[in-house]
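Notes for the one structure printed next.
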Amino acid sequence: MSATKSNAMSEHAPEIESILKTVSVSLAKDAPTRSFCTVHDTLDSREELQDIRRNIHQHPELAFNEVRTAELVASKLEGWGYTVTRGVGGTGVVATLRSGSGKRSIGIRADMDALPIHERSGLPYASVHEGKMHACGHDGHTTVLLGAARQLARTRHFNGTVHLIFQPAEEIGAGGGAERMLSDGLFERFPCDAIFGLHNHPGVEAGTFMFRSGPFMAACDTVNITIRGKGGHAARPHQSIDPILVAGSLVMALQSIVARNVDPNETAVVTIGTLHAGHAPNVIPDSARMEVSVRSFSAEVRASMESRIRQLVTSHAEGYGATADIDYVRGYPVLVNSEAETEFARQVAEELVGPERAIGNFHRIAGSEDFAYFLQQRPGCFVRMGNGANQPLLHNAGYDFNDDNLTVGAAYWTRLVERYLAE
Ligand SMILES: [Zn+2]
Ligand SMILES: [Zn+2]
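What follows is the structure, given as structure tokens:
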């Protein structure tokens, strides 16, 4: 941005400047919203939050090993006056703050874990742990929630109870931190009337919030298939049962499920991610192995995909005289946002950043998220937040969380709490 500008706004990124302009117009029109947090109110914490975010980024920790991160989070929260509970669901942290006599309560969740990726961002605060990296922005999600924690503690413009949930191990696909926290009694120990979460979204301008009511992110299951034939000499195939032939035929047949069995109004994905068989050109191997990723957006489609895959694999193998072992591993379920809470959260975002940056009917996302488990037990909303239009994708070795989102995200959470627990 231009170095010649001298007003206070020129210290901020273009996205934030534009938000500040939009919001000052909307506030002038709508005076009562003045009592709730605005992006402006959180701007003075930008530097502090950026330091925390880059500190976490530099020291990434994998699933259920977020020891340093959890301690950093817990000690900040204690310093701001929260009641902090450590070790919830492994390395999870829950921080509670009460204000007034209100009986309502709200939960907000951030994830803390990194990925087994070697960082190639070239940033001065790049990971110091070889082969580990915050390539999904969980360093940012954690810091955004800390920013809200700081703001809520110093203003306390709410009437009720806030539980800030710092979750371990979102990235492992099954048996992750959400399930662990829930089975550790999360909602019994820290009752929440509703639950909210966010994830950054590269490809969309920073400071933009994308909502969708109903199914928003996919269920993701993994199928490990072993085809067992009968090995033999390549020159005598009639005396063998060739598992590679079965596997090859299955690769094509499995694609027929989405094309022929799934309702055209629904969507699903079947991806055969690995296929391994054989060691030599003149040998028919005994077995072939495949790993398949299956994504769907409803419980019905999910169940029918599983049954069709089992049928096709079993009957295919049988048809060629082989057998098949099928290990069908159910990963995270469909993430379903509840209607009222999603509209509420969208309104909060609209008040904060204006209607152009609060998108109400964003497309479904084929990625999965274990926040879905919280939404199975409580109403709530998971929102995607733009990470910048030309940023590297999630899980890319060049990825970085956009620090312009720290204050906007913190203002979003703060205002959401203030509005949900309004006096
Ligand atoms: Zn991820
Ligand atoms: Zn993520």
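Positions 1 to 423 (UniProt numbering) are the ones given, in order, by the sequence shown. Note that the Cβ used here is the ideal one computed from N, Cα and C, for glycine as well. Please read these numbers as outputs of a predicted model, since none were measured by experiment.
Return the chain-ordered ranges of every alpha helix (DSSP H) run that is complete within the segment 184 to 270 and spans a minimum of 4 residues. Positions of the alpha helix (DSSP H) runs, each at least 4 residues long and wholly inside the segment 184 to 270, are given as 186 to 189, 243 to 260 in order along the chain.
So what's residue 112 in DSSP terms, helix, strand or just coil? coil
Leaving aside the five residues before and after residue 346 along the sequence, list all residues of the same chain whose C-beta is less than 7 Å from its C-beta, in chain order. For residue 346, where only same-chain residues beyond five positions count, the Cβ hits under 7 Å are 211, 358, 360.
Could you check what DSSP says for residue 405 in three-state terms: helix, strand or coil? helix
Within the continuous alpha helix (DSSP H) that includes residue 290, where are the two ends? Residue 290 -> not in any alpha helix (DSSP H); beta strand (DSSP E) instead, spanning 287 to 296.
So the candidates are 231, 132, 186, 183; which of them puts its Cα closest to the Cα of residue 120? Looking at the Cα atoms, 132 is the closest of the given residues.
Quick check: the Cα distance between residue 243 and residue 319, rounded to an integer number of angstroms? Going by C-alpha positions, residue 243 is about 12 Å away from residue 319.
Among 362, 230, 381, 365, which residue has its Cα nearest to the Cα of residue 371? 381
Cα separation between residue 75 and residue 122? 30 Å
May I ask you to check if the CB of residue 136 is nearer than 8 Å to at least one heavy atom of ligand 1? yes
So is residue 186 buried or exposed if we call it buried at 16+ other beta carbons inside 10 Å? Classification for residue 186: buried.
In the DSSP output, what is residue 139 paired with across the bridge? Residue 139 is not bridged to any residue.
At what residues does the beta strand (DSSP E) containing residue 328 begin and finish? 323 to 330
Rounded to whole angstroms, what is the Cα-Cα separation between residue 124 and residue 216? For residue 124 and residue 216, the distance between alpha carbons rounds to 35 Å.
Cβ atoms of residue 193 and residue 425: under 9 Å apart, would you say? The structure shown does not extend to residue 425, since the chain is modelled only from 1 to 423, so the question has no answer here.
Rounding to the nearest angstrom, what Cα-Cα distance links residue 313 and residue 151 in this structure? 55 Å
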